[in-house]
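One structure is given below, encoded as structure tokens.
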Ligand code: SF4
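Residue numbers (our numbering): 123 to 375.
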């Protein structure tokens with residue numbers, strides 16, 4: 123295919139993507155994103171009008187429908203080199219209308235095998251944090267990763283892979299519209315907070331992603347190697363429960 127034909131094919135694919143998201147009420151690009159800025163500037167005279175204050179999405183369509191459209195667009199994704207080594211795409215799972223969403227790094231061997239996020243030992247620990255610690259049901263939250271395919275030998279994600287996969291996590295968050303996000307480990311926290319600060323410094327410090335509070339905390343895989351970090355994670359999860367207006371187990375808060 124010539125370079126020009128490839129460009130046209132890309133533009134058509136993107137147009138279909140936008141059309142699909144629009145049909146189910148997922149706004150694209152998000153307000154405040156770099157892509158959205160020119161539109162805001164162009165519509166400056168509309169400030170205060172119905173257009174300027176239009177809601178981000180159509181309320182009548184549920185998170186499940188919106189997520190389905192995102193999954194459909196992802197398809198059998200070949201957008202980065204990780205497609206070549208994966209067994210399955212790990213889209214993420216949970217309640218499509220979850221109030222709480224966790225964002226981790228990437229699938230490992232167990233996740234790649236089963237097509238589900240956080241199902242290995244680290245996943246079991248995350249389940250314990252959610253169910254035994256926070257007294258929530260894992261099925262009531264949503265769990266996803268920055269990357270949807272397993273990097274070889276579980277190496278760190280590369281910047282271009284993160285960039286290729288980025289639109290889908292962005293669209294998932296806009297589809298689910300959680301009230302609170304938790305960034306698990308360096309990659310989850312960096313992606314959500316757009317920073318490269320060490321996780322040891324970020325942990326426990328509330329940030330924000332598109333107006334949604336973000337709690338960065340340690341990755342469960344780190345906790346398996348460093349159990350002493352569990353105390354800090356519990357403090358972070360207590361803060362998350364307070365943000366959600368939920369009871370804090372074992373506390374008078
Ligand atoms: S990691 Fe993301 S962008 Fe890369 S192939 Fe998988 S789904 Fe596509």
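C-beta: ideal position from N, C-alpha, C; glycine also.
CB contact check: residue i to chain B, cutoff 8 Å
i           : result
residue 354 : Among the chains of the structure shown, chain B does not appear; only one protein chain is present.
Residue i versus residue j: straight-line alpha-carbon distance, rounded
i           : j           : result
residue 351 : residue 215 : 26 Å
residue 173 : residue 219 : Reliability fails at residue 173, whose pLDDT of 32 lies under 50, so the model's placement of it is uncertain and no value is given.
residue 304 : residue 226 : 9 Å
residue 203 : residue 358 : 35 Å
residue 273 : residue 184 : 32 Å
residue 328 : residue 334 : 10 Å
residue 263 : residue 206 : 30 Å
residue 286 : residue 242 : 25 Å
residue 348 : residue 251 : 15 Å
residue 346 : residue 230 : 15 Å
residue 364 : residue 310 : 21 Å
Whole-Å CB distance - residue i paired with residue j, under 8 Å assumed
i           : j           : result
residue 376 : residue 290 : The shown model of the chain, from 123 to 375, leaves out residue 376, and the question about it has no answer.
Residue i: CB within 7 Å of a non-hydrogen atom of ligand 1
i           : result
residue 201 : yes
residue 266 : no
residue 308 : no
residue 357 : no
residue 295 : no
residue 270 : yes
residue 211 : yes
residue 205 : yes
beta-carbon residue i near ligand 3 non-hydrogen atom, thresh 7 Å
i           : result
residue 361 : Inclusion of ligand 3 in the displayed structure is not the case, the ligand content consisting of ligand 1 alone.
Contacts around residue i, its chain only, beta-carbon distance under 7 Å, and the 5 residues preceding and following it disregarded
i           : result
residue 294 : 189, 192, 214 and 266
residue 238 : 212 and 215
residue 340 : 307, 321, 325, 351, 354 and 355
Nonlocal neighbours in the same chain, by C-beta distance under 8 Å from residue i, ignoring five residues either side
i           : result
residue 235 : 209 and 210
residue 362 : 222, 256, 302, 304 and 337
Residues near residue i by beta carbon distance below 6 Å, same chain, minus five either side
i           : result
residue 232 : 241 and 242
Any 3 or more C-beta pairs closer than 8 Å across the stretch 251-260 and the stretch 186-205: As far as the Cβ criterion goes, the stretch 251-260 does not touch the stretch 186-205, which means the pair count is below three.
Count Cβ pairs between the stretch 273-284 and the stretch 316-329 that sit closer than 8 Å; are there 3 or more? no
So does the stretch 324-335 actually touch the stretch 243-253, counting three or more Cβ pairs closer than 8 Å? no
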